[in-house]
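Only one structure is covered here, and it is reproduced in the block below.
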Amino acid sequence: MQLDKNFLWGGAVAAHQLEGAYDIDGKGLSIADVMTAGDNIKKLPRRITSGVKKGEKYPNHLGVDFYNHYREDIALFKEMGLKAFRTSIAWSRIFPNADDEEPNEKGLKFYDDLFDECLKNGIEPIVTLSHFEIPYALHKKYHGFMNRKSIDLFVRFAEVCFRRYKGKVKYYMTFNEINNQADICAHHLAQEGAVIPRDSIGMEYLMYQSAHYELVASALAVKKAHEISEDIKVGCMIAAGPVYPNSQDSRDNLKALLTMDYKFWFADVHVRGSYPNMILKHLRRRNINIDITNNDLKVLKEGIVDYIAMSYYSSNVVRYNDDNTDYEYRGSKDYVNNKFLETTDWGWSIDPIGLRYSLNWLNDRYDLPIMVVENGLGAYDKVESDGNINDDYRIDYLKSHIREMMNAVLIDGVNVLAYMIWTPIDVVSASTGEYDKRYGLIYVDMNNVGVGTMERRKKKSFYWYKKVIETNGGSIFK
Ligand code: BGP
């Protein structure tokens, strides 16, 4: 029993986390360019500032300078054996002010060159249109996806990309981890739709309204892609991960079931083209009146996705509480630790079986091909005196997760098209803005205090993954 010979072993990144060159060749600011660096040890969260402020640290301005190193990096990806490279297109490189009349040619050309370089090296580029970033101007002028106007601006951006990269890019996804918003925290809202909550408006209303406009924008983009070429496949992108009940108590089980529903309804809309009743009831019960037109409902049906892309890092456990008799979703408030699992230095539980669970769950619910487009371990790495980076902990994490992904395919029969490591090369962490939260199989010499040469260095995991790809996963079971 073997994976299909065309299985896409890959690596994934996002533009704002590695490109740098934040103001080069006509690029406008993006929301990621006004996010400061956080700190895991000092427990400092990232902040969103109003514009770029003097004296603040913005790690995404520099990233790992992929903009100037991409040829060298892709040569390393080829050596690693990658068959696919997932990245995103920085929207503000193409439309610096969001509503410009013409796209920025230099921005378009950068991605042309990047995709050509991938293809030349036998690597298929796979593209996310909006990975936690929209043009800062879109936020400033229109309040991001709180404004219906954002739909047209997104679809125009998507159409420009579909036409320009036709024949080069086959797989797209629209909004990265669109369901992160379910947690209704300012950070996630800002990253997804760049809606920065204001006191006068309820956070929940903000979330449902901006998510609705994003879902309509996504459906219109899917329709547009299909009109342009039937070879273009567009997926949704969902942050996956099971929510387990804390005990055998029926109330814990019901709580876990409904928590999953509250986290994944976004995928229902993407895949089925309509809202689940549960969410419509919830909006009515909470008196949340969002702008949904009959035409929107029609569009959602017409723009259902071709496949499901998912990220997977960890799982959660939920417990019923007496002050939550309606079982409504309250995010991490109802979460408890899983005593069976270890956690990373950033407190994320490590649960390889949760990946198999997620693949089965998505397969049962939607029956569409699935791509695992992110999976990896954020850890502190050490460069030894001989220059080596012996990241056995990362190899252990990846090995156990790839094994469960393969079990889902080979034993459970789930249709998985791709598996991509987050990340083939170190990048800036999305949630903390740190360099030292490293996921890469290639080390980049740059640290949290901004000291480093940007030199690239292969970690032990680089050679390990190369072998996995060469054997089409066979080495995992050895
Ligand atoms: C996902 C995001 C990525 C990425 C990853 C790891 O949620 O899609 O952009 O960064 O998580 O998260 P972090 O960088 O916060 O450790």
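Residues in the sequence shown are numbered consecutively from 57, following this note's numbering.
From the three backbone atoms N, C-alpha and C, an ideal C-beta is built for every residue, glycine too.
Reduced DSSP category for residue i - H, G, I as helix; E, B as strand; rest coil
i, result
"tyrosine 495", "coil"
"serine 306", "helix"
"asparagine 351", "helix"
"serine 485", "coil"
"lysine 280", "helix"
"threonine 315", "helix"
"glutamate 180", "strand"
"leucine 262", "helix"
"isoleucine 150", "helix"
"aspartate 95", "strand"
"asparagine 235", "helix"
"arginine 512", "strand"
"methionine 502", "coil"
"proline 115", "helix"
"proline 191", "strand"
"tyrosine 300", "strand"
"leucine 170", "helix"
"isoleucine 104", "strand"
"alanine 77", "coil"
"phenylalanine 320", "helix"
"asparagine 333", "helix"
"aspartate 468", "coil"
Residue i versus residue j: straight-line alpha-carbon distance, rounded
i, j, result
"tyrosine 261", "histidine 72", "28 Å"
"lysine 280", "isoleucine 360", "12 Å"
"proline 152", "leucine 339", "35 Å"
"isoleucine 240", "asparagine 504", "28 Å"
"lysine 311", "aspartate 423", "25 Å"
"leucine 497", "valine 507", "20 Å"
"aspartate 468", "arginine 421", "14 Å"
"alanine 193", "alanine 295", "27 Å"
"glycine 200", "serine 266", "8 Å"
"isoleucine 145", "isoleucine 80", "15 Å"
"histidine 125", "glutamate 490", "20 Å"
"aspartate 442", "arginine 512", "15 Å"
"threonine 105", "valine 90", "6 Å"
"alanine 238", "proline 298", "15 Å"
"histidine 38", "leucine 356", "The structure shown does not extend to residue 38, since the chain spans only 57 to 534, so no value can be given for it."
"aspartate 362", "glycine 530", "29 Å"
"tyrosine 167", "leucine 454", "29 Å"
"glutamate 384", "glycine 163", "44 Å"
"alanine 323", "asparagine 444", "42 Å"
"threonine 537", "histidine 187", "This structure leaves residue 537 out entirely; the chain is present only between 57 and 534."
"aspartate 172", "alanine 246", "32 Å"
"leucine 170", "glutamate 430", "20 Å"
Cross-strand partners of residue i (DSSP beta bridge)
i, result
"glycine 200", "DSSP, once it has assigned bridges, lists no residue as partnering glycine 200."
"alanine 435", "Arg494"
"valine 428", "Met366 and Tyr475"
"arginine 142", "Ala68 and Ile182"
"tyrosine 391", "Val374"
"leucine 164", "Partner(s): none; leucine 164 has no beta bridge."
"tyrosine 228", "Val183 and Val290"
"threonine 399", "Ser405"
"serine 86", "Pro191"
"alanine 295", "Ser367"
Reference residue i; option with closest CA among the options
i, options, result
"methionine 293", "Asp305, Asn302 and Lys319", "Lys319"
"leucine 314", "Val327, Ile335, His326 and Gly329", "Ile335"
"serine 388", "Met316, Val251, Gly76 and Lys99", "Met316"
"valine 439", "Asp468, Ile458, Asp390 and Tyr499", "Tyr499"
"glycine 66", "Leu356, Val225, Asn431 and Lys139", "Lys139"
"asparagine 309", "Arg494, Arg328 and Asp390", "Asp390"
"glycine 432", "Tyr475, Asn235 and Gly443", "Tyr475"
"asparagine 235", "Asp305, Arg220, Ile364 and Cys217", "Ile364"
"histidine 195", "Asn377, Asp382 and Ser206", "Ser206"
"proline 191", "Val251, Leu418, Ala277 and Ile406", "Val251"
"aspartate 487", "Thr92, Gly329, Arg212 and Glu398", "Per the sequence shown, residue 487 should be read as serine rather than aspartate. Ranking Thr92, Gly329, Arg212 and Glu398 by Cα distance to serine 487 puts Thr92 first."
"asparagine 96", "Val428, Ser285, Thr400 and Arg149", "Thr400"
"phenylalanine 141", "Arg127, Ala246 and Val183", "Val183"
"methionine 202", "Glu157, Leu170, Lys222 and Glu248", "Glu248"
"asparagine 343", "Ala70, Tyr264 and Gly403", "Tyr264"
"methionine 147", "Glu135, Asn160 and Gly137", "Position check: residue 147 holds tryptophan in this sequence, whereas methionine was assumed. The candidate whose alpha carbon is nearest that of tryptophan 147 is Asn160."
"arginine 219", "Ser285, Tyr269, Asp208 and Asp155", "Ser285"
"lysine 522", "Lys98, Val108 and Glu135", "Glu135"
"valine 473", "Val524, Asp208 and Phe63", "Reading the sequence as shown, one finds leucine at residue 473 and not valine. Ranking the options by Cα distance to leucine 473, first place goes to Phe63."
Near ligand 2: residue i beta-carbon under 7 Å from a heavy atom
i, result
"threonine 381", "For the structure depicted, ligand 2 is absent and the ligand set comprises only ligand 1."
| If you pair each beta-carbon of the segment 371 to 378 with each one of the segment 480 to 487, do three or more pairs fall below 8 Å? | At 8 Å Cβ cutoff, the stretches do not touch.
| Is the segment 115 to 131 touching the segment 77 to 94 in the sense that three or more CB pairs, one from each, lie closer than 8 Å? | Two segments are said to touch when three or more pairs of C-beta atoms, one from each, lie closer than 8 Å; by this definition the segment 77 to 94 touches the segment 115 to 131.
| query | Between the segment 167 to 180 and the segment 514 to 531, are three or more C-beta pairs nearer than 8 Å? | reply | No contact exists between the segment 167 to 180 and the segment 514 to 531.
| At least 3 beta-carbon pairs within less than 8 Å: the segment 455 to 463 vs the segment 405 to 416 | Under the 8 Å Cβ criterion, the segment 455 to 463 counts as touching the segment 405 to 416, having at least three qualifying pairs.
| Should the segment 489 to 496 be regarded as contacting the segment 435 to 449, the criterion being three or more beta carbon pairs within less than 8 Å? | The segment 489 to 496 vs the segment 435 to 449: in contact.
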